[in-house]
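Novice: Mind having a look at this structure? Questions to follow.
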Amino acid sequence: MNMVVCVKQVLDPEAPPASFKIDANTNKVVPPAGVPPVIDPYGEYAVEAALRIRDALGGKVTAISLGVNQLRDVIKKPLSMGADQLILLEDEAFADSDSWSTAYALAMAIKKIGEYDLILCGREASDWNAGQVGEGIAEILGLPSVTLVKKIDITDGKATVERLTADGHEVVEVPLPALLTISNEIGEPRYPTIKGIMAAKKKEPVVWKPADIGLNPSQVGAAGRRTKMLKLFQPVHEAKVEIVAGETPEEAGANLALKLRAAKIL
Amino acid sequence: MAEYKGVLGYCEVSDGKLTAIATEILGCGRRLANDLGQELSAVLVGTGVSGVAQEAIAFGADKVYVVDDPLLKDYQTDSYVAVMEKVVKQAMPQILILGQTSIGRDLAPRLAFRLGTAASLDCLELSIDPASKRLLQTKPVYGGNAQAVFTFSTEPQIVTIRSKAMSPLERDGSRKGEVITIAAGLEPPAIRTKMLQKVKEEVEGVKLEDAAVIVSGGRGIGGADGFKQLAELAKMLKGAVGASRPPCDNGWVPTTIQVGLTGKIVTPELYIAVALSGSSQHMSGCSGSKSIIAINKDPEANIVKLSRYAAIGDWKKVLPAFTNKVKELLAQ
């Protein structure tokens, strides 16, 4: 099984909401001081899904990431988790991509990789929450896809997957090669072992520029966008909380009920 | 070449009825169509969906496209994208609105890439820019920490809307409209996936999306047992139990009760958040609640700041006292 997993470096989504700031002049997020970026969580679940398949069936896992200023300690995490290879699409020209220009560049890179049975992506990245790149890649490469996947079984050149729905899940069979987008229900990503971290230190990522995947700088990043962002802003929440007093937690609990009754909420 | 014109709403049908999100799509589509001075159409895709066409008209559509075919019994990417490509080429809408559901999330992006246009998913607000007449699409980004307004110049402009973000029109059974049938024209081999089974993970009691009261627990609940106490309170208030992501990931509760950006979007009258920090991604799912109240040991927790009332302390002590008092008050 040859697998390609798409990952991405993002601002840590677990950083406290209070540390989230936008620079209104540039329409960009200001990275919070002292909080290093991370691999996008859903991408990490996708890496885990690929590693489990390799553990069971053997094969090769190639992680691929598009971006600028990708910190090696961060972006090598798929390697330290156990991926065999890391390819970085890294160039200034890739900056400010949207779903279209990202999917197009990743699809061209996957074409260059050539042999694959399965392409895995996270269901959506925690920065732009676009949720489109996986299917974009599938459409450009002409592959069948299943999104929101929580379980994968591979047998006889086919994947049988469970796909999340509002009231449960569906069991869907898809022939390989195929693209799947992975949800967190697939199971917790493994922690890198010391051995894995040491091995990752020795592996250098392969870096591809636009020309390496047959693209002009005008076809990638901001230049290759289809969408335009007019405004980025933080919604205003009214700060109006009333802390219900009480000598003890029990009293506070009882007073909370009385307060709700008085306010006609109960 | 024909010009792209009008608004088309992709309306999901469930158990022979128009879904709530479909009526919201038609409500918002009607407003946008009126702003543009153009028509609103609806499209129904599935098996045995023709009967719902009049309902779509009653909720605001001028025209309804129906694609009714036995091969469309279940949503599958290949078949539905092919059908919608055909519908769009015939209807030529300037704007196509879908719901942010397990179908819309899958269909909208793939269709956008197929048609060479773009899409914005999970929109909270849609409006027509008075100058350019393009669609302004406001959606949450950074897990709900921020919102962004997008626009694009390709057509159709495809969006999905978040459930309960838009209002439906009042149903008007006297409204008249036109129904147009489109043949699916599918060849079975073109559908590469196979639907083997559909599994409903039913949760007892009131459905989260319909509940007037939701008692939701977070990581601090600590295990499946703790959720029984939340269920007791929820039952007393004729409400439902919800959860943030950690309890679902830990298997304490089924994933179907997750509230948040990647779970359910709920809008109850009362949302009681117990031992739950209030991450932006969770708040995306419940910020439309009329009143949020928090029980949390940390007065600095995000959920406390976003609540109307909060009681500070260990939930194991606060909640039983709260529940007892509520019981007493309800008995009066």
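Chains as they are written, first to last, in the numbering used here: chain B, 2 to 267; chain D, -11 to 320. The beta-carbon is built from N, C-alpha and C at its ideal position, and this holds for glycine as well.
#1: Could you round the C-beta distance between B:Val173 and D:Met183 to whole angstroms and report it? I think they count as a contact, below 8 Å.
#2: Would D:Lys186 count as contacting chain B if we go by Cβ distances under 8 Å?
#3: Would B:Ile76 and B:Val5 be called neighbours here (beta carbons separated by less than 8 Å)?
#4: Please state the DSSP three-state secondary structure of D:Tyr63.
#5: 8 Å is my cut-off, CB to CB: does D:Ser295 come that close to chain B?
#6: From the DSSP output, in three-state form, read off D:Phe215 for me.
#7: Can you tell me which of the three DSSP states D:Val254 falls into?
#8: What three-state label does DSSP hand D:Gln269 in the structure shown?
#9: May I have a chain-ordered list of the beta strand (DSSP E) segments no shorter than 3 residues that lie completely inside the segment 47 to 115 of chain D?
#10: Taking the beta strand (DSSP E) that D:Pro128 falls in, what are its first and last residues?
#11: Report buried or exposed for D:Ser204, applying the criterion of at least 16 other Cβ atoms within 10 angstroms of its Cβ.
#12: Is the shortest distance between the beta-carbon of D:Pro177 and the beta-carbons of chain B less than 8 Å?
#13: Got a sec, what are the start and stop residues for the alpha helix (DSSP H) D:Cys236 sits in?
#14: With contact counted as at least three CB pairs below 8 Å, one residue from each stretch, are the segment 162 to 181 of chain D and the segment 96 to 106 of chain D in contact?
#15: Taking 8 Å as the cut-off, decide whether the C-beta atoms of B:Glu251 and D:Ala309 are in contact.
#16: Do B:Gly132 and D:Leu109 come within 8 Å of each other at the CB atom, strictly closer than that value?
#17: Is B:Thr148 near B:Gly137, with beta carbons less than 8 Å apart?
#18: Is the CB of B:Val175 under 8 Å away from at least one CB in chain D?
#19: Can B:Leu72 and B:Pro17 be called in contact, C-beta distance under 8 Å?
#20: Taking 8 Å as the cut-off, decide whether the C-beta atoms of B:Val11 and B:Ala126 are in contact.
#21: Under 8 Å between C-beta atoms, does B:Lys235 make it to chain D?
#22: Is the beta carbon of B:Ala47 sitting closer than 8 Å to the one on D:Ser90?
#23: Does the beta-carbon distance from B:Leu233 to D:Ala298 come in below 8 Å?
#24: Less than 6 Å between C-beta atoms, sequence neighbours within five positions excluded: which residues of the same chain meet that for B:Ala104?
#25: Determine, using beta carbons only, whether B:Pro190 comes closer than 8 Å to chain D.
#26: Mind listing the chain B neighbours of D:Gly131? Cutoff is C-beta to C-beta under 8 Å, in chain order.
#27: Just to confirm before moving on: does the CB-CB distance between B:Gly188 and B:Glu49 stay below 8 Å?
#28: Under 6 Å Cβ to Cβ from D:Gly34, same chain only, skipping five residues before and after it: list those, please.
#29: If I follow the unbroken beta strand (DSSP E) through D:Arg180, where does it start and stop?
#30: Looking at the unbroken beta strand (DSSP E) that takes in D:Thr169, where does it start and where does it end?
#31: Rank B:His170, B:Asp24 and B:Ala84 by C-alpha distance to the C-alpha of B:Ala201 and give the top, closest one.
#32: In the DSSP assignment, find the unbroken alpha helix (DSSP H) run with B:Ser46 in it and report its ends.
#33: Among D:Cys236, D:Asn284 and D:Ile245, which residue has its Cα nearest to the Cα of D:Ser265?
#34: Is the CB of B:Val207 under 8 Å away from at least one CB in chain D?
#35: Any C-beta of chain D sitting closer than 8 Å to the C-beta of B:Ala34?
#36: Let me know if B:Gly68 comes out buried or exposed under the rule of 16 or more other beta-carbons within 10 Å of its beta-carbon.
Specialist: In short:
#1: As a working mapping, residue 173 of chain B is identified with position 172 in the first sequence. As a working mapping, residue 183 of chain D is identified with position 195 in the second sequence. Rounded, the Cβ-Cβ distance is 6 Å, consistent with contact.
#2: Translated into the one-based positions of the second sequence, residue 186 of chain D becomes position 198. Output row for D:Lys186: interface = yes.
#3: Within the first sequence, numbered from 1, the residue matching residue 76 of chain B stands at position 75. Within the first sequence, numbered from 1, the residue matching residue 5 of chain B stands at position 4. Not in contact: B:Ile76 and B:Val5 (Cβ atoms no closer than 8 Å).
#4: To locate residue 63 of chain D, count along the second sequence from 1; it is residue 75. In this structure, D:Tyr63 counts as coil in the three-state DSSP scheme.
#5: The residue labelled residue 295 of chain D in the question sits at position 307 within the second sequence. Chain B contact via Cβ: present.
#6: By one-based count along the second sequence, residue 215 of chain D stands at place 227. D:Phe215: helix per DSSP, three-state reduction.
#7: The residue given as residue 254 of chain D occupies position 266 in the second sequence. Coil.
#8: Indexing the second sequence from 1 puts residue 269 of chain D at position 281. DSSP places D:Gln269 in helix when its eight states are reduced to three.
#9: 51 to 56, 83 to 87 and 107 to 111
#10: Residue mapping note: residue 128 of chain D aligns to position 140 of the second sequence, counting from 1. Counting along the chain, D:Pro128 sits inside the beta strand (DSSP E) bounded by residues Leu123 to Val129.
#11: Taking the first residue of the second sequence as 1, we reach residue 204 of chain D at position 216. Buried, by the Cβ-count rule.
#12: Position 189 of the second sequence, counted from the first residue, corresponds to residue 177 of chain D. Not closer than 8 Å to any Cβ of chain B, the Cβ of D:Pro177 fails to qualify, so no.
#13: Stepping through the second sequence from its first residue, residue 236 of chain D is reached at position 248. Segment Arg233 to Asp237, the alpha helix (DSSP H) holding D:Cys236.
#14: no
#15: Residue numbering aside, residue 251 of chain B sits at position 250 when the first sequence is read from its first letter. Residue numbering aside, residue 309 of chain D sits at position 321 when the second sequence is read from its first letter. Yes, Cβ-Cβ distance for B:Glu251 and D:Ala309 is below 8 Å.
#16: Position 121 of the second sequence holds residue 109 of chain D. Position 131 of the first sequence holds residue 132 of chain B. Against a cut-off of 8 Å, the Cβ pair of B:Gly132 and D:Leu109 comes out as a contact.
#17: As a first step, residue 148 of chain B must be located in the first sequence, where it is residue number 147. As a first step, residue 137 of chain B must be located in the first sequence, where it is residue number 136. It is not a contact, given that the beta carbons lie outside the stated cut-off.
#18: Counting from 1 along the first sequence, the entry for residue 175 of chain B is found at position 174. B:Val175 counts as touching chain D.
#19: Counting from one through the first sequence, the residue named residue 72 of chain B turns up at place 71. Counting from one through the first sequence, the residue named residue 17 of chain B turns up at place 16. Note that the C-beta distance between B:Leu72 and B:Pro17 is not below 8 Å.
#20: Within the first sequence, the letter at position 10 stands for residue 11 of chain B. Within the first sequence, the letter at position 125 stands for residue 126 of chain B. It is a contact, given that the beta carbons lie within the stated cut-off.
#21: As a position in the first sequence, residue 235 of chain B is number 234, starting the count at 1. The residue asked about is misnamed: residue 235 of chain B is Gln in this sequence, not Lys. For B:Gln235, the answer is yes, since a Cβ of chain D falls inside 8 Å of its Cβ.
#22: Position 46 of the first sequence holds residue 47 of chain B. Position 102 of the second sequence holds residue 90 of chain D. No. Outside cutoff.
#23: Reading the first sequence from its first residue, position 232 is the one you call residue 233 of chain B. Reading the second sequence from its first residue, position 310 is the one you call residue 298 of chain D. Between B:Leu233 and D:Ala298, the CB-CB gap reaches or exceeds 8 Å.
#24: Translated into the one-based positions of the first sequence, residue 104 of chain B becomes position 103. Contacts found: Val134, Gly137 and Ile138.
#25: For the purposes of this step, residue 190 of chain B is taken as residue 189 along the first sequence, with counting starting at 1. Closer than 8 Å: no.
#26: On the second sequence, position 143 is the one that residue 131 of chain D refers to. Here the neighbours are Pro14, Ser127 and Asn130.
#27: Locating residue 188 of chain B in the first sequence gives position 187, counting from the first residue. Locating residue 49 of chain B in the first sequence gives position 48, counting from the first residue. A contact, by the Cβ cut-off of 8 Å.
#28: Along the second sequence, read from residue 1 onward, the residue named residue 34 of chain D stands at position 46. So the qualifying residues of the chain are Val1 and Leu60.
#29: Position 192 of the second sequence, counting from 1, holds the residue named residue 180 of chain D. Segment: none, D:Arg180 is in no beta strand (DSSP E) and carries neither H nor E.
#30: The residue you call residue 169 of chain D lines up with position 181 of the second sequence. That run of the beta strand (DSSP E) goes Glu166 to Thr169.
#31: Along the first sequence, read from residue 1 onward, the residue named residue 201 of chain B stands at position 200. For the residues B:His170, B:Asp24 and B:Ala84, the minimum Cα distance to B:Ala201 belongs to B:Ala84.
#32: Counted from its first residue, the first sequence places residue 46 of chain B at position 45. Checking the sequence shown, residue 46 of chain B turns out to be Tyr, not Ser. Unbroken alpha helix (DSSP H) run through B:Tyr46: Pro42 to Leu58.
#33: The residue labelled residue 265 of chain D in the question sits at position 277 within the second sequence. Here the closest residue by C-alpha is D:Asn284.
#34: Residue numbering aside, residue 207 of chain B sits at position 206 when the first sequence is read from its first letter. Chain D contact via Cβ: absent.
#35: By 1-based counting over the first sequence, the position of residue 34 of chain B is 33. Answer no: the Cβ-Cβ gap between B:Ala34 and chain D never drops below 8 Å.
#36: Counting from one through the first sequence, the residue named residue 68 of chain B turns up at place 67. Buried.
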